[in-house]
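One line per chain: the protein sequences are F and L, in this order.
Sequence positions in the first sequence follow the numbering used here and run 771 to 926.
Sequence positions in the second sequence follow the numbering used here and run 771 to 926.
Protein chains: 2
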Amino acid sequence: MNDATFLREAIDLAREALDDDVGGPFGAVVVRDERVVGRGRNRVLADRDPTAHAEVLAVRDACRHLDTHDLSGCTVYASSEPCPMCLGALFWARVERIVYAVDRQGAAQAGFDDARFYEQMCTTENERSVRMEHHADPEARRVMDAWSRRADRRSY
Amino acid sequence: MNDATFLREAIDLAREALDDDVGGPFGAVVVRDERVVGRGRNRVLADRDPTAHAEVLAVRDACRHLDTHDLSGCTVYASSEPCPMCLGALFWARVERIVYAVDRQGAAQAGFDDARFYEQMCTTENERSVRMEHHADPEARRVMDAWSRRADRRSY
């Protein structure tokens, strides 16, 4: 098994998402030790869930199978470059490597907002199209501090 | 009902996540027309799901209740600044406004990687800690093009 084989499986899932009309044309697989441990295809439309992207679903599938929130050592193969939400999910999952086929500009040509959202993500709050407001709150700070003080807290 | 009331509900959910030890100290609510339509608290540890952040779960909860993937016109109140994954989710959900209490530096003080992941997100691929590789593939391009050509495609 090699990169091309796993990437082809991700692309096949993208094709299925398209053919079954469950969401955008995106698929992803999570691989550990040369074995697929999680699969996902975009289901935004079928599930009416804007977070149901291929990579998010593949991560959740892999975590269920491996019974852990930590995918260290895994490679993710995606039919397209992960959007900011999905890249964030892959960071939190601690995956080691990401291989993708279509890049964000290619997705933009098909009408998807990935490239625009990367720009939004990396600009200041007042330059974003979404309104963002920081309301500092002492109780919120206390909750965060209580986590910091907890001796048996499990980091992730 | 006002911002302070809704933000307090998000902070209460953060406190509950902490007290029940289901995940990090984070909570969020989605509000439409002065009414809470979705709630979430971090469940990364209890669900062994790295994507189970408060905002993601609140968005999914709101979408279930409203039976749509589109949260246009909604405001999200979060106990902490949304991480890149969550901000991406809020972009895709098309929320109008985001109000948060603790910022990413405050979360970093408690040991969370949000600020670091924002830096990772906004740098070039070869400067990231995760290995990323772009393998252009004609079949992946064909799947994307097939989406573009579909006359009845539903954008999201």
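In this text, a Cβ means the ideal position worked out from N, Cα and C, and glycines have one as well.
Per-residue contacts from residue i into chain L (C-beta, under 8 Å)
i               : result
H835 of chain F : The premise fails here: H835 of chain F is roughly 10 Å from chain L at the closest Cβ pair, so nothing lies under 8 Å.
R802 of chain F : Those within 8 Å of R802 of chain F in chain L number zero; the least Cβ separation is about 15 Å.
Three-state secondary structure (DSSP) of residue i
i               : result
Y847 of chain F : strand
E866 of chain F : coil
V900 of chain F : coil
Where the beta strand (DSSP E) through residue i begins and ends
i               : result
V801 of chain L : G797 to R802
V826 of chain L : Segment A824 to L836 is the alpha helix (DSSP H) holding V826 of chain L; no beta strand (DSSP E) there.
R809 of chain F : R805 to R811
Minimum Cβ-Cβ distance from residue i to chain F less than 7 Å
i               : result
S842 of chain L : no
T938 of chain L : Residue 938 of chain L lies beyond the residue range present for chain L, which begins at 771 and ends at 926; the question has no answer from this structure.
A880 of chain L : yes
D831 of chain L : no
L788 of chain L : yes
R924 of chain L : yes
L815 of chain L : yes
R805 of chain L : no
Contact with chain L by residue i, beta-carbon distance below 7 Å
i               : result
A885 of chain F : no
D873 of chain F : yes
A916 of chain F : yes
A848 of chain F : no
A798 of chain F : no
V826 of chain F : yes
A921 of chain F : no
Residue i: contacting residues in chain F (beta-carbon distance under 8 Å)
i               : result
G808 of chain L : Within 8 Å Cβ-Cβ: nothing; G808 of chain L doesn't reach chain F, min ~12 Å.
Separation of residue j from residue i, as counted between CA atoms
i               : j               : result
V846 of chain L : H835 of chain L : 15 Å
R867 of chain F : D837 of chain F : 20 Å
D922 of chain F : V792 of chain L : 13 Å
L777 of chain F : A916 of chain L : 19 Å
R809 of chain L : P852 of chain L : 15 Å
G925 of chain L : G881 of chain F : In the sequence under discussion, the amino acid at residue 925 of chain L is Ser, which differs from the Gly named in the question. Spanning the two alpha carbons is a distance of roughly 8 Å.
A828 of chain L : V800 of chain L : 6 Å
R919 of chain L : V913 of chain L : 10 Å
G797 of chain F : T821 of chain L : 17 Å
A859 of chain F : V826 of chain F : 7 Å
A885 of chain L : Q875 of chain L : 7 Å
Q879 of chain F : R911 of chain L : 11 Å
R812 of chain F : E804 of chain L : In the sequence as presented, Arg is not what sits at residue 812 of chain F; that position holds Asn. Between N812 of chain F and E804 of chain L, the C-alpha separation is close to 31 Å.
H904 of chain L : D831 of chain L : 34 Å
S899 of chain L : T893 of chain L : 10 Å
Chain F contact residues for residue i, given Cβ-Cβ distances below 7 Å
i               : result
R811 of chain L : Going along chain F, no residue has its Cβ under 7 Å from R811 of chain L, so there is no contact; the nearest lies around 11 Å.
D933 of chain L : It is not possible to answer for residue 933 of chain L, since the shown part of chain L is limited to 771 through 926.
Range covered by the alpha helix (DSSP H) that runs through residue i
i               : result
F887 of chain F : D884 to M891
S918 of chain L : P908 to R919
A878 of chain L : R874 to Q879
E779 of chain F : D773 to D789
V814 of chain F : V814 to D817
Proximal chain L residues relative to residue i, where beta-carbon distance stays under 9 Å
i               : result
E903 of chain F : D773, R867, I868, V869 and Y870
V792 of chain F : Ordered by position in chain L, no residue passes the 9 Å Cβ test against V792 of chain F, which lies about 11 Å from the chain.
Partners in chain L for residue i, counting only beta-carbon separations shorter than 7 Å
i               : result
D819 of chain F : R830, C833 and H839
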